[in-house]
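Encoded as structure tokens, the structure appears first; notes follow it.
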Amino acid sequence: MTPPPSRKPAAPVQKEDAMWLQKEMINANYHGLATAHERGRKICATFVPGNLNELVMCFDMERSLPETNALQNGMRKKSGKFIMDAERDGHSEDVCTYVKSDLGMMLNGEIGPTGEPLPKPDLLLLSYTGCFTFMKWFELIRQKYGCETPMLHVPYQGEGRVSKNMRDYVLKQLKETVIPALERVSGVKFDIDRLRQYMKESTKAEEDLVHVLQSAKHRPSPIDGYFGAVYYIGPIFTAFRGTPEATQFYTVLRSEIDARVREGKGPITPEGELTEEKYRLVVEGPPNWTSFRDFWKMFY
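Per our numbering, the sequence shown runs over residues 299 to 598.
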């Protein structure tokens with residue numbers, strides 16, 4: 299019998315140094331979550347958009363983000379079974395697959411994307427309602443864990459600006475609902491000076507991120523504003539905003555991108571530098587995480 303032809307080994311994936319650094323950050327965060335309770339730390343689960351990471355850090359709590367769990371499981375090709383298990387558990391096919399991937403992970407023993415078990419959260423903090431799915435998602439998680447679930451409602455800016463009434467409304471919720479809940483669950487008193495320091499770190503990181511995104515004004519663009527940018531926004535959108543690690547990440551990223559601008563280079567793809575820029579496309583919505591690299595290949 300003729301043996302089947304051997305597959306050609308896949309070429310090493312090309313990434314910017316900042317992307318490798320982000321991978322280390324993500325793995326370290328999952329390890330921190332896995333060991334949180336044995337280290338005496340509480341866990342706050344919250345969503346990516348509008349999350350209050352700097353505030354939560356004031357209470358020495360680890361941050362778990364269900365969307366990030368779903369995304370990371372998707373990129374690691376683990377989400378298919380989770381989604382099917384959630385559907386077998388009664389969730390409709392038309393329910394958001396972020397939700398079903400996360401709920402399926404819960405049904406399969408709470409093993410996180412890196413292979414370490416994720417302990418149950420001590421508090422669910424809902425601070426974003428741009429999609430009704432988020433509210434129903436946390437209702438399902440609360441039903442399973444039975445933990446406290448404070449909510450910060452941010453009013454819709456129908457006139458495109460923030461009014462005094464809006465600020466007062468949000469501040470009242472922070473003072474009367476959110477901060478007391480965080481203090482109660484964590485056992486740590488709120489320290490506004492800690493919050494100020496974390497906000498300073500966020501400001502530094504955000505300035506560098508904006509600089510990187512604006513680099514796309516150059517021709518050729520040194521960045522891919524879609525496939526690359528989903529990496530770039532990761533730290534500041536998730537459990538790292540306000541941390542020195544995020545500040546370092548964006549310092550490294552900015553240095554790399556500035557060098558590419560000086561050298562007139564295009565963006566890095568998984569197979570190397572994009573040497574010729576022919577078109578610019580505007581893309582709306584997140585990529586397909588389970589086929590992220592194959593989807594990216596369609597454009598270079």
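Cβ coordinates follow ideal geometry from the N, Cα and C atoms, glycine included.
Exercise for the section: Going by CA-CA distance only, name the one from 533, 562 and 585 that's closest to residue 347. Expected result: Looking from the CA of residue 347, the closest CA among 533, 562 and 585 belongs to 533.
Practice task
Pick out whichever of 557, 530 and 312 has its Cα sitting closest to the Cα of residue 508.
Solution key: Ranking 557, 530 and 312 by Cα distance to residue 508 puts 530 first.
Handout entry: Neighbour-count burial assignment, residue 460, 16 or more Cβ in a 10 Å radius
Key = By the neighbour-count criterion, in which a residue is buried when 16 or more other Cβ atoms sit within 10 angstroms of its Cβ, residue 460 is exposed.
Problem - Outcome for residue 496 when other beta-carbon atoms lying within 10 angstroms are tallied against a minimum of 16 - result: Flag for residue 496 reads buried.
Handout entry: Uninterrupted alpha helix (DSSP H) stretches inside the stretch 330 to 405 (no shorter than 4 residues)
Key = As for any alpha helix (DSSP H) of minimum length 4 sitting wholly inside the stretch 330 to 405, the runs are 351 to 355, 364 to 373, 377 to 386 and 395 to 405, ordered along the chain.
Handout entry: alpha helix (DSSP H) segment containing residue 511, residue limits
Key = 490 to 512 is the span of the alpha helix (DSSP H), which, as asked, contains residue 511.
Practice task
Could you have a look at residue 324 and say whether DSSP puts it in helix, strand or coil?
Solution key: In the three-state reduction of the DSSP assignment, residue 324 falls in the helix class.
Problem - Residue environment, residue 548, which counts as buried when at least 16 other CB atoms sit within 10 Å - result: So residue 548 counts as buried.
Problem - Own chain residues within Cβ distance below 7 Å of residue 487, not counting five before or after - result: Closer than 7 Å at the Cβ level, and outside the excluded window around residue 487, lie 481.
Exercise for the section: Go through its chain and collect everything with a Cβ distance to residue 588's Cβ below 8 Å, but skip five positions before and after it. Expected result: Close CB contacts of residue 588 within its chain, under the 8 Å cut and outside five residues either way in sequence, are with 372, 373, 375, 377 and 378 (chain order).
Exercise for the section: Give me the Cβ distance between residue 544 and residue 503, rounded to the nearest whole Å; I'm assuming they're in contact under 8 Å. Expected result: About 5 Å; that satisfies the 8 Å criterion.
Exercise for the section: Identify whether residue 415 lies in helix, strand or coil by the three-state DSSP scheme. Expected result: Strand at residue 415.
Practice task
Could you give the DSSP three-state label for residue 543: helix, strand or coil?
Solution key: The three-state secondary structure of residue 543, taken from DSSP, is helix.
Problem - Backbone CA spacing between residue 575 and residue 515 [nearest angstrom] - result: When rounded, the distance between both Cα atoms is 13 Å.
Handout entry: Sequence-distant residues of its chain with Cβ nearer than 7 Å to residue 599 (five each side left out)
Key = The displayed coordinates of the chain run from 299 to 598. Any statement about residue 599 would go beyond what the structure contains.
Exercise for the section: Would you mind reading off the limits of the beta strand (DSSP E) that contains residue 422? Expected result: Where residue 422 is concerned, the enclosing beta strand (DSSP E) stretches over 421 to 423.
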